[in-house]
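Participant:
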Amino acid sequence: MRTGRVFLFAAAALALLSPSAAVSQSGARAYAVSGQCGGFPKADIGMSPGLCMGRVWQRNAGEGPRMPRTLFRLADDDWLVADLGSWDAGRGAIWRMRVGRDGAVAWTRLLTGLSMPHTMARGPDGRLYVAEMSRIFAFDPARPDAHAAVIEGLPDNRLHENRHPLSAFVFDADGALLVNVGAPSDRCLDARGRPNRATNGDCAERAQQAMVRRYAYLGRDAQGRGRWSREWTAYATGLRNSVAMVRHRSGAVYQGENSVDLNTPERPFDEINRLRPGADYGWPFCTDMSTALPGWTTAEARCARRQSPVSLLPPHAAPLDMLYYDGAMFPELRGRMLMSWHGHRRAAGRIVAIETDAEGAPLTDRPARYAIYPRGSMPYPADAPAPRARVLTPGWNAVRGARPQGSPVGMAVASDGAIWVADDRAAAVLRIARE
């Protein structure tokens, strides 16, 4: 059910903001700048050698997104930005961002009244597709009033009873839509903390949610617009939240799993999974490689049958975006899997570039360690695969008066190969470039 109408601005207003303007936010959210990074003010973020982070824009009580989540580059090097707005229905928007040669940013609001818009992608028919909380629609940025829903009836969060309402998606090789339908809770427990069981003893929440659904592609209509089946099948199950998904050119589909929230910073580990049709990835019975969660009497047996992760990630890293780098600016990163780690705990606030094989799978090491803030490292389980990665942002922890802890969400590669990043908590758009 959709919970918020789309209102269109007949005349979109442009707002200009110099990237060097002072940010009148609290010190906890503002990025201090000094010097230049590829034509933009250089943000005070510790970067991997040879890299710098430019502050393209940060909200300063003017126009622009309140919670920028994802970025999409248009052919003219303008950008579309999905603005979550808030975690309430009907407060999201799609903005068009134009960056002038002098670095000034102009915002045009194309759509408003959206409910938690997130993923944006080009479809097999050439149109642009956007996922809201409970639907996926297509639209033309040049004519934003000409929009149409292609998938409806996804779970919503009107009563704040759904912990994972975002409808991320990827297009499969055959045009099918693979859509995240996150788990409505953390661990499938009832109000008393007991397992929420179906009549067959399974988690009651797995029948419709905690999965990636597949909507078959039906080809194009007479006007050349893509069509998808209204019926869905379960493509992959036992997935708590598949906001981060990517399809490699080989056809393999990978997912970044946000694991359950236990009361410790050391457990459980997040995951990278290769999604295979019909596979079960273990939620809410298993974490890490094969650790059974308490409360479910069948958990150990289910863990033995689950599809294992191809790699673990640091605990509470919260991967929210994945893409394969193909730009010109960083030839040493070509083919690597870029991931944003959004979580607020000590391992998160990072962007990493993971080495991959011919099918896009992460190359791994055993044993391995992961970095934590403010300094030091922690071990992965000795027998578990860990990603062979370069951390592009090793110094993105919070420093009073200099920067907040990084909260990267969406990433995109610009025509020159620079990596653009949306930080939703700081309401900022950033750019990784050569030093």
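Just remember that the working numbering sits 1164 ahead of the position in the sequence shown, which is counted from 1. Positions of the beta carbon are idealized from the N, C-alpha and C atoms, including for glycine. Since we're looking at a predicted model, the values are computed, not measured.
Between which two residues does the alpha helix (DSSP H) containing residue 1467 stretch?
Facilitator: 1463 to 1469
Participant: Helix, strand or coil: which one does DSSP assign to residue 1421?
Facilitator: If DSSP states are grouped into helix, strand and coil, residue 1421 belongs with the strands.
Participant: With 16 other CB atoms within 10 Å as the buried threshold, where does residue 1421 fall?
Facilitator: buried
Participant: Taking residue 1424 and residue 1351 to be in contact with their CB atoms under 8 Å, please state how far apart those CB atoms are, rounded to whole angstroms.
Facilitator: 5 Å
Participant: Residue 1263: buried (16+ other C-beta within 10 angstroms of its C-beta) or exposed?
Facilitator: buried
Participant: Return the bridge partner residues of residue 1587 from the DSSP annotation.
Facilitator: 1572, 1592
Participant: Would you report the Cα separation of residue 1213 and residue 1329, rounded to the nearest angstrom?
Facilitator: 38 Å
Participant: So, residue 1528 versus residue 1501, is the Cβ gap smaller than 9 Å?
Facilitator: no
Participant: Going by DSSP in three states, residue 1539 sits in which element: helix, strand or coil?
Facilitator: Three-state result, residue 1539: coil.
Participant: My output table needs one value for residue 1296: the three-state DSSP class, helix, strand or coil.
Facilitator: coil
Participant: Span of the beta strand (DSSP E) holding residue 1222?
Facilitator: 1215 to 1222
Participant: Which same chain residues end up closer than 7 Å to residue 1588 when comparing Cβ atoms and leaving out the 5 residues on each side of it in sequence?
Facilitator: 1231, 1232, 1233, 1248, 1571, 1573
Participant: Compute the beta-carbon to beta-carbon distance between residue 1401 and residue 1444, rounded to the nearest angstrom, for a pair I have assumed lies under 8 Å.
Facilitator: 5 Å
Participant: What residues match up with residue 1359 in a beta bridge as DSSP calls it?
Facilitator: Answer is 1353, bridged to residue 1359.
Participant: Closest to residue 1381 by CA distance: which of 1342, 1366, 1419, 1559 is it?
Facilitator: 1342
Participant: Nearest-angstrom Cα distance between residue 1516 and residue 1575?
Facilitator: 11 Å
Participant: Let me confirm a value: residue 1166 is counted as buried when at least 16 other C-beta atoms fall within 10 Å, else exposed. Which label applies?
Facilitator: Confidence at residue 1166 is low in this model, with a pLDDT of 39, below 50, so the placement of that residue should be treated as unreliable; the coordinate-derived value is given next. Buried, since its Cβ has 16 or more Cβ neighbours within 10 Å.
Participant: For residue 1579 and residue 1549, I'd like the C-alpha separation in whole angstroms.
Facilitator: 34 Å
Participant: Three or more C-beta pairs closer than 8 Å, one from the stretch 1282 to 1301 and one from the stretch 1310 to 1324: is that the case here?
Facilitator: yes
Participant: Tell me the DSSP secondary structure of residue 1435 in three-state form.
Facilitator: strand
Participant: Mind the definition here: the stretch 1270 to 1280 touches the stretch 1240 to 1256 only if three or more C-beta pairs lie below 8 Å; say whether that holds.
Facilitator: Enough Cβ pairs lie closer than 8 Å, so yes.
Participant: Which same chain residues, not among the five before or five after residue 1385, have their C-beta less than 7 Å away from its C-beta?
Facilitator: 1391
Participant: Where does the unbroken beta strand (DSSP E) through residue 1392 begin, and where does it stop?
Facilitator: 1390 to 1392
Participant: Specify the secondary structure class of residue 1384 as computed by DSSP and reduced to three states.
Facilitator: strand
Participant: Does the separation of the CB atoms of residue 1512 and residue 1478 fall below 9 Å?
Facilitator: Result yes, Cβ atoms of residue 1512 and residue 1478 sit closer than 9 Å.
Participant: For residue 1599, which residues of its own chain have a beta-carbon under 7 Å away from its beta-carbon, when the five flanking residues on both sides are left out?
Facilitator: 1214, 1215, 1216
Participant: What are the start and end residues of the beta strand (DSSP E) that includes residue 1307?
Facilitator: 1307 to 1316
Participant: Given residue 1239, which residues of its chain have a CB within under 8 Å of its CB, disregarding the five upstream and five downstream residues?
Facilitator: none
Participant: Can you tell me which of the three DSSP states residue 1348 falls into?
Facilitator: coil
Participant: Counting along the chain, where does the beta strand (DSSP E) carrying residue 1515 start and finish?
Facilitator: 1514 to 1518
Participant: What would DSSP say about residue 1288, mapped onto helix, strand or coil?
Facilitator: coil
Participant: How would you label residue 1188, buried or exposed, when you count the other beta carbons within 10 angstroms and need 16 or more for buried?
Facilitator: Bear in mind that a pLDDT of 34 at residue 1188, under 50, signals an unreliable position, so the number given afterwards is only what the model happens to contain. By the Cβ neighbour-count rule, residue 1188 is exposed, with fewer than 16 other Cβ atoms within 10 Å of its own.
Participant: Can you give the Cα-Cα distance for residue 1237 and residue 1590, rounded to whole angstroms?
Facilitator: 21 Å
Participant: Can you grab the Cα-Cα spacing for the pair residue 1207 / residue 1322, in whole Å?
Facilitator: Cα to Cα, the separation comes out at about 37 Å.
Participant: Starting from residue 1486, follow its DSSP beta bridges and name the residues at the other end.
Facilitator: Answer is 1503, bridged to residue 1486.
Participant: Among the candidates 1530, 1489, 1396, whose CA atom is the shortest distance from the CA of residue 1376?
Facilitator: 1396
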